[in-house]
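Participant: Structure in structure tokens, see below.
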Amino acid sequence: MSSPAQGAGELQNHAAAACVALLTADGAADLLGSGFFVAPGKVLTCAHVVAGHRRVTVRSSAGDDRGDVVLAVPREAAEEGPWPLPDLALIDVPATPAVQIDAYLRRVTGHDSQPFRYRPTGYPKPLDQTYMAALDDVVTASPAAGELLKLLSLMASAPTPVRMFGNLPALAGTLPSPGLASLPQLLERGGSERDIVNVIRRHSLARITLDQDEQTIEMHRVPQRVIEGCIPEADLGVYRHLIHLMLRERDLVAARSVSQWQIMLDIWRNLESSQAWDCTRCAGDQTTRSLMLHVIRTLMVWGESEHSVITARAVLATWEPILGSDHTDIREATLELANALRNQGAAKESLELDQALADRIEEVPDTRPEIAIRVGLNLGGDLRRLGRYAEAREVDERTRERAAAEFGENDRLSLMARNNAAVSSLLLAEPRRALEQDQALWRDQRRIRGDGDRATLIALNRIARAHRDLGEYRQAAEMQEQTAQRCRKLFEPDSVIALTATLNLAACLRAVGSYDEGWRNVQNVVEPMRRVLGAEHPEHIMALSELASALRCTGRATEALVPGRRAVDLSVAVNGEDHPSTAICRNNLALVHLALRDGYSAEPLFEAAAAAFGTSLPQDHPHALAVRVNRATGAWLRREYERADRAETETQPLLNRTLGEDHPWSLAGAANHVTTIDALGSPIRRIAANGQWERTKYGYARTLGREHPDAMVCAGRSSRVLIGLDAPSV
Numbered sequence: 046m047s048s049p050a051q052g053a054g055e056l057q058n059h060a061a062a063a064c065v066a067l068l069t070a071d072g073a074a075d076l077l078g079s080g081f082f083v084a085p086g087k088v089l090t091c092a093h094v095v096a097g098h099r100r101v102t103v104r105s106s107a108g109d110d111r112g113d114v115v116l117a118v119p120r121e122a123a124e125e126g127p128w129p130l131p132d133l134a135l136i137d138v139p140a141t142p143a144v145q146i147d148a149y150l151r152r153v154t155g156h157d158s159q160p161f162r163y164r165p166t167g168y169p170k171p172l173d174q175t176y177m178a179a180l181d182d183v184v185t186a187s188p189a190a191g192e193l194l195k196l197l198s199l200m201a202s203a204p205t206p207v208r209m210f211g212n213l214p215a216l217a218g219t220l221p222s223p224g225l226a227s228l229p230q231l232l233e234r235g236g237s238e239r240d241i242v243n244v245i246r247r248h249s250l251a252r253i254t255l256d257q258d259e260q261t262i263e264m265h266r267v268p269q270r271v272i273e274g275c276i277p278e279a280d281l282g283v284y285r286h287l288i289h290l291m292l293r294e295r296d297l298v299a300a301r302s303v304s305q306w307q308i309m310l311d312i313w314r315n316l317e318s319s320q321a322w323d324c325t326r327c328a329g330d331q332t333t334r335s336l337m338l339h340v341i342r343t344l345m346v347w348g349e350s351e352h353s354v355i356t357a358r359a360v361l362a363t364w365e366p367i368l369g370s371d372h373t374d375i376r377e378a379t380l381e382l383a384n385a386l387r388n389q390g391a392a393k394e395s396l397e398l399d400q401a402l403a404d405r406i407e408e409v410p411d412t413r414p415e416i417a418i419r420v421g422l423n424l425g426g427d428l429r430r431l432g433r434y435a436e437a438r439e440v441d442e443r444t445r446e447r448a449a450a451e452f453g454e455n456d457r458l459s460l461m462a463r464n465n466a467a468v469s470s471l472l473l474a475e476p477r478r479a480l481e482q483d484q485a486l487w488r489d490q491r492r493i494r495g496d497g498d499r500a501t502l503i504a505l506n507r508i509a510r511a512h513r514d515l516g517e518y519r520q521a522a523e524m525q526e527q528t529a530q531r532c533r534k535l536f537e538p539d540s541v542i543a544l545t546a547t548l549n550l551a552a553c554l555r556a557v558g559s560y561d562e563g564w565r566n567v568q569n570v571v572e573p574m575r576r577v578l579g580a581e582h583p584e585h586i587m588a589l590s591e592l593a594s595a596l597r598c599t600g601r602a603t604e605a606l607v608p609g610r611r612a613v614d615l616s617v618a619v620n621g622e623d624h625p626s627t628a629i630c631r632n633n634l635a636l637v638h639l640a641l642r643d644g645y646s647a648e649p650l651f652e653a654a655a656a657a658f659g660t661s662l663p664q665d666h667p668h669a670l671a672v673r674v675n676r677a678t679g680a681w682l683r684r685e686y687e688r689a690d691r692a693e694t695e696t697q698p699l700l701n702r703t704l705g706e707d708h709p710w711s712l713a714g715a716a717n718h719v720t721t722i723d724a725l726g727s728p729i730r731r732i733a734a735n736g737q738w739e740r741t742k743y744g745y746a747r748t749l750g751r752e753h754p755d756a757m758v759c760a761g762r763s764s765r766v767l768i769g770l771d772a773p774s775v
């Protein structure tokens, strides 16, 4: 990690487009300090920097421009003592209408998860020179009082956190955030430092971590941004979302004209009322069209798929008559609509759109080669959602090769294609291949886009999943726990990536035998996932099935029937009878019945699951084999021992060959077969089974540990091991 001084210097070298030097307006042009563009033609700095100046020279990467100090609070200070709060000034620079953010700065502000650590003591003065080290997000859009910038000023100047708190009552009275206005009362009541930090975390634009022992302060990614100056105060709530989008998207200018902002505000007001909107008046402007497409895409990333679909449909309905069906922006809007539909669970409609677009591009190639590659990415995603994994892998491989040939292995689209190919490998039960693909992808994503990038963390999620599929449960659980913590830290707790990581962690915990902890994690995910994605979204359906498995493992099988049945019903309605996800839900519900010693209710569920896997997966796919192992347990419960014996005799060699003899699922099949042989009562076969039992016990001890619940079931030689299933997030 960079030292404070290195971090400050590195950011200053690369952030010239957003950061400016402030000089006197006369011929001497003496350096006064530094500032930041926070709005079109608006520079925010400290009042003490421009004290006594009505006009200054603003030096940016575009050159020198004159700026007028239009606001300074306070205008002047007493001769002695610190400069009074809020110590902020706003400079109007009419000749600088926009700020271009370069690629490095976008990575730092949008993707770099490593916060810059700095020690408040011993820092050079004046304070404005320390802002670079203090800001994790350099381009910071602040409310009217400059809440974030001032908090950083205080932290940079305070030798200890305690001294910083002493300044907060005066600061709180100047801030627009209602939450921070409660700080004076909290201090008067004698609130602890931790209470105060929690208030700041909830209501400030900054995420703050204090370590009083080391006297260090960390600033994490700023989750919300608001710009002042060109939008009325009443619109700031809507504007907060827009500027968040602006500063995170690549190849997008960080400031636009007021008329374009007004169009965007109209869109957001429309989205909040879920009404159709006429996009005709922005169809003729390329810049605004690009911005509209970014809105559609970002809404989907945020989990606002419904709003993304509404906007995309409105765009297509109003732009296509003006631009024509083969215009690049129409094709891009179609791609975004298909993405949003797939994210809503409407993969069939998404596939129809993408296939029609792919066919049209074959007839009329697009002027931008990336459009054809994005169509390939979409088609692979559609096919995976529909459970057509082998077809998806073929499309993924073709798209990956085409993207690499067109743009190189490490281009953004190539990375996305490599990501899709790794997902298909995992779904087709090739965890070793998926692990190699994802490890290479993770290294490249991390180098190019940073540790905190969403795609980097998704690859890390799948690396943990590949370890789990390989039977390396402890390694998977450790990695998944770290990944889930980072996702919750870098993104909102209810973001899709954080929820998915937590759900994966729950499955890992269950795999290592930490049933109660796994159940708590699933319980914390199901309702937020329903709220964010919708009750009929495939990810929420799988979360319900996971909840049923978690309840079963903690001994609450009767309670597990409700979410288990709900998951099956929803999956049949959304995915279809023969979809692999429906088969997974049926397997998990059948296991609940087995836990209740009801082998009869489980049988039709296993039969339907086996039929679905038979049409969509290879015969030796681990999920198909797991259903056969579990189905044999149902026969064992019904005392159909010969039937169970035949099934296990056929299945065990396939498990050993596909997964390896020491894989937990292979051990489960072997342990269960021992109990079947015991029940058959053949003395000769029981002698052979004794050797198998000893080998299986040793395998469990070596792989999972003797204290693992499955190992203890095997040691008891009187019960059965059940294999729950879950699907990798796609």
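Numbering-wise, the numbering used here comes out as the position in the sequence shown, counting from 1, plus 45. Just so it is clear, CB atoms sit at the ideal spot from N, CA and C, and this is done for glycine as well.
(1) With a threshold of 16 other CB atoms inside 10 Å of the CB of M757, please say whether the residue is buried or exposed.
(2) Helix or strand or just coil, what does DSSP make of V114?
(3) Check whether the region 450 to 457 touches the region 421 to 440, taking contact to mean three or more Cβ pairs, one atom from each stretch, closer than 8 Å.
(4) Pick from P583, V577, L68, E604: whose alpha carbon is nearest that of D109?
(5) Using only CA atoms, which one of D411, Q482, A656 lies nearest to G369?
(6) Can the beta-carbon of D483 be found less than 8 Å from the beta-carbon of A467?
(7) Please identify the residue among I586, G726, L458, G563 whose C-alpha is closest to the C-alpha of P573.
(8) Taking only three categories from DSSP, how would you classify G761?
(9) To which residues of the same chain is E436 closer than 7 Å at the C-beta, ignoring the five residues directly before and after it?
(10) On a CA-only basis, which of A595, D498, E581 is nearest L615? Give me that one, please.
(11) Report yes or no: do the region 361 to 380 and the region 557 to 570 share at least 3 C-beta pairs separated by less than 8 Å?
(12) Note down the Cα distance separating L662 from S469, rounded to an integer number of angstroms.
(13) Any idea which residues DSSP pairs R102 with across the strands?
(14) Once DSSP output is grouped into helix, strand and coil, what is the label at D137?
(15) Quick one, are the C-beta atoms of L382 and L398 less than 8 Å apart?
(16) Runs of 4 residues minimum, wholly inside the region 718 to 755: which ones carry the alpha helix (DSSP H) assignment?
(17) Can you tell which of T444, R765, K742, P709 has its C-alpha closest to the C-alpha of G644?
(18) Evaluate contact between the region 627 to 646 and the region 724 to 738, counting only Cβ atoms and requiring at least three cross-stretch pairs below 8 Å.
(19) Just reading off the alpha helix (DSSP H) that S350 is part of, what are its end residues?
(20) Which word fits D75, buried or exposed, when buried means at least 16 other C-beta atoms lie within 10 angstroms of its C-beta?
(21) Since G744 contacts D707 with CB under 8 Å, what's their CB separation in whole angstroms?
(22) Using CA atoms only, rank isn't needed, just tell me which of C553, L431, R342 is closest to S594.
(23) Under a Cβ-count criterion, where at least 16 other Cβ atoms within 10 Å of its own Cβ denotes burial, should P583 be classed as buried or exposed?
(24) Measuring CA to CA, which of S459, E394, R430, G761 is closest to I418?
(25) From what residue to what residue does the alpha helix (DSSP H) around N620 run?
(26) With 16 as the cutoff for other CB atoms within 10 Å, does E407 come out buried or exposed?
(27) Who does T90 pair with in a DSSP beta bridge?
(28) Using alpha carbons as the reference points, say which of P538, Q490, L480 lies closest to E517.
(29) Does the distance between the C-beta of L544 and the nearest non-hydrogen atom of the ligand SAM fall short of 7 Å?
(30) Applying the criterion that 16 or more other CB atoms from any shown protein chain within 10 Å of the CB defines a buried residue, is N464 buried or exposed?
(31) Who are the near neighbours of A677 in its chain, counting only those whose CB is closer than 6 Å to its CB and skipping five residues on each side?
(32) Judging by CA-CA distance, which residue of R433, L431, G426 is the nearest neighbour of T444?
(33) With 16 as the cutoff for other CB atoms within 10 Å, does S763 come out buried or exposed?
(34) Taking G679 as part of the alpha helix (DSSP H), name the residues at either end of that continuous run.
(35) Within its chain, find whatever has a CB closer than 6 Å to the CB of I136; leave out the 5 residues flanking it on each side and keep chain order.
(36) Sorted by chain position, which residues of the same chain lie with C-beta nearer than 7 Å to Y686's C-beta, five sequence neighbours on each side aside?
Facilitator: Considering the structure as presented:
(1) exposed
(2) strand
(3) no
(4) L68
(5) D411
(6) In terms of Cβ geometry, D483 and A467 form a close pair [threshold 8 Å].
(7) I586
(8) helix
(9) L428
(10) The shortest C-alpha separation from L615 is found at E581.
(11) no
(12) One Cα belongs to L662, the other to S469, and the distance between them is close to 12 Å.
(13) Looking at the sequence shown, residue 102 is not Arg but Thr. In the DSSP assignment, the residues bridged to T102 are L68, R111.
(14) Reduced to three states, the DSSP call for D137 is strand.
(15) yes
(16) 728 to 748
(17) R765
(18) Short answer: they don't touch.
(19) In the DSSP annotation of this structure, the continuous segment of the alpha helix (DSSP H) that includes S350 starts and ends at 350 to 368.
(20) D75 counts as exposed, since fewer than 16 other beta carbons sit within 10 angstroms of its beta carbon.
(21) 5 Å
(22) Of C553, L431, R342, the smallest CA-CA separation from S594 is found for C553.
(23) buried
(24) S459
(25) Segment: none, N620 is in no alpha helix (DSSP H) and carries neither H nor E.
(26) exposed
(27) Answer is A134.
(28) When only C-alpha atoms are compared, the closest one is L480.
(29) As presented, the structure is devoid of all ligands, the ligand SAM included, so that no description of it is given.
(30) buried
(31) A689, A692, E693
(32) G426
(33) Of the residues assessed, S763 falls on the exposed side of the cut-off, its CB having fewer than 16 other CB atoms within 10 angstroms.
(34) 667 to 682
(35) V88, G112, V114
(36) T721, A724, L725
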